[in-house]
Amino acid sequence: MHKYLGRDQELVRAAQEYFNSGNSELFIKEVWEWARDLAQKKYQMDEDSSSEVVLSLVQRADRCLDIFKEGKYNNLGAFLNVYIKHLIWNQRKKSSQQKILYIDKFPEFGYVPEFESRIVEEDDRIILLIHDLLTELEMGYSIVVKLRHHIRMNLKELRYLYRIPGNSIQSIRTQFKKNELERQSVRIQRRKILDRIQSLNAKITGTNLVKIESLKIRKLEMGRKLERKNQDLSFRKVANLLRSNENAVRKVYFDAIRILKSKLAQEKTFVRKAA
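Residue numbering for the sequence shown follows this note's numbering, starting at 994 and increasing by one per position.
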């Protein structure tokens, strides 16, 4: 492979580590920020959409490098730009499909996918397994994941959070209450938007053709508003609670997701063999 400067050189070194040992951990540590910057700065994606792109890349890291090697490409940086661009297109296509689901079909009215199912896209039986796997993570990882997705923490994790310099039991409790109120507010806003979409949907079926296009445009606007009402705690707020740097929190989060994915795959393999 060619030699690159700066980040490119670090990526090449990390990729070579995978080719030599089969361990993609170093590559994932190097590539997640690359993907985030490309999604946010070049393609103007918001935080949540860019996070989905990064998560998708983390899940596909091994396959990404295998394709690079099998295709006998020379420029890893250029290859990654194209590969990540395709992940971005897939994410936008997925968002459009979700928009159609909310605006036109309403098969499960008001349904919001849970954190666990977004990671592994498995049925409800996997959720309990993921909760068990969260307890196996190092505490620093589990706290970041649980804060981001509003998952109840155990007493040991809460004590760790309270003891961070600058935090106190009262300040953490106050922030938790504030976060929950904001979350409840988002849920109410989502409910109102969905009610308005349902009302528009009813009007479309019972109105003349002249007004249909106007109503469809209003439904699309409501769908966009719905998309922006995300209940996950932002990385900035997680970092504030941990008295940490936002980029550091992002890195810990995606490392935790990678570890969870690996553990889940091992558990599912064990279950299949036991059966």
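All residues carry an ideal CB built from backbone N, CA and C; glycine is no exception.
Asked	Found
According to DSSP, is Leu1154 part of a helix, a strand, or is it coil?	helix
To the nearest angstrom, how far is it from the Cα of Asn1238 to the Cα of Asn1068?	32 angstroms
Have a look at Tyr1153 and Thr1128 and give me their C-alpha separation to the nearest angstrom.	15 angstroms
How about the segment 1072-1088 and the segment 1010-1022: do they share at least three Cβ pairs that are nearer than 8 angstroms?	no
Tell me, please, whether the segment 1063-1080 touches the segment 1024-1037 by the rule of three or more beta-carbon pairs shorter than 8 angstroms.	yes
Do the CB positions of Val1051 and Ala1032 come within less than 8 angstroms of each other?	no
Who are the Cβ neighbours of Asp1001 in its own chain at under 8 angstroms, not counting the five residues just before and after it?	Leu1069, Gly1070
Does the beta-carbon of Trp1025 have 16 or more other beta-carbons within 10 angstroms, so that it is buried, or is it exposed?	buried
With a 10 Å radius around its C-beta and 16 neighbouring C-beta atoms as the bar for buried, classify Arg1029 as buried or exposed.	buried
For Leu1226, tell me which candidate among Lys1185, Gln1163, Ile1250, Phe1169 has the shortest Cα-Cα distance.	Phe1169
Within this structure, are the beta carbons of Leu1048 and Ile1250 separated by less than 8 angstroms?	yes
Just to confirm, are Trp1027 and Leu1058 a CB contact at a threshold of 8 angstroms?	no
Kindly give me the distance between the Cβ atoms of Val1137 and Tyr1066, rounded to whole angstroms, as I take these residues to be in contact under 8 angstroms.	The pair is not a contact, with the Cβ atoms about 34 angstroms apart (cut-off 8 angstroms).
Is it buried or exposed for Glu1131, if we count other Cβ within 10 angstroms and need 16 for buried?	exposed
Quick one: Cα of Glu1173 to Cα of Leu1140, how far?	11 angstroms
Quick check: what's the CA-CA separation for Asp1248 versus Ala1008?	17 angstroms
Can you name the start and end residues of the alpha helix (DSSP H) that Met1132 belongs to?	1132-1141
Relative to the C-alpha of Asp1041, which candidate in Arg1229, Ser1255, Lys1254 has its C-alpha closest?	Arg1229
Going by C-alpha to C-alpha distance, which of Ser1043, Lys1062, Pro1158 sits closest to Glu1010?	Lys1062
At the level of alpha carbons, what is the spacing between Glu1175 and Arg1166?	14 angstroms
Skipping 5 residues on each side, what residues in its chain have a beta carbon closer than 6 angstroms to that of Phe1108?	No answer about Phe1108 holds up, because its pLDDT of 42 lies below 50 and its placement is not dependable.
Rounded to the nearest angstrom, what separates Arg1184 and Gln1163 at their Cα positions?	31 angstroms
For Ser1178 and Lys1254, I'd like the C-alpha separation in whole angstroms.	32 angstroms
Return helix, strand or coil for Asp1225, following the three-state DSSP convention.	coil
Could you work out which residue in Lys1244, Leu1126, Gly1064, Ser1017 is closest to Lys1256 when comparing CA atoms only?	Leu1126
Helix, strand or coil for Ile1021 per DSSP?	helix
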